[in-house]
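To start, the structure under review is shown below, and the notes come after it.
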Amino acid sequence: MAPVKISHVVSFSSQDPKYPVENLLNPDSPRKPWLSCPQDKSGQLKVEL
């Protein structure tokens, strides 16, 4: 799949303070993930771009 440049996040379901959703927007560190909050045990992440 081709890379997609993300310019704006409208909303997100959960995030880890160390790995926030803003990592998806940072072109300088494309390998940093966006992870769910450690207390969130749902196993699902949702983001509206």
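Residue numbering for the sequence shown follows full-length UniProt numbering, beginning at 1 and increasing consecutively. From the three backbone atoms N, C-alpha and C, an ideal C-beta is built for every residue, glycine too. Just so you know, these numbers come straight off a predicted model, no measurement behind them.
Distance from the Cα of Ile6 is smallest, within the candidate group Pro20, Asn26, Ser13, Gln15, for Asn26. In summary, Val4 is exposed, with fewer than 16 beta-carbon neighbours lying within 10 Å of its beta-carbon over all protein chains present. Assignment of beta-bridge partners to Glu48 by DSSP yields Ser11. Using a 10 angstroms sphere on the CB of Val21, the tally of other CB atoms reaches 16 or more, which defines it as buried.
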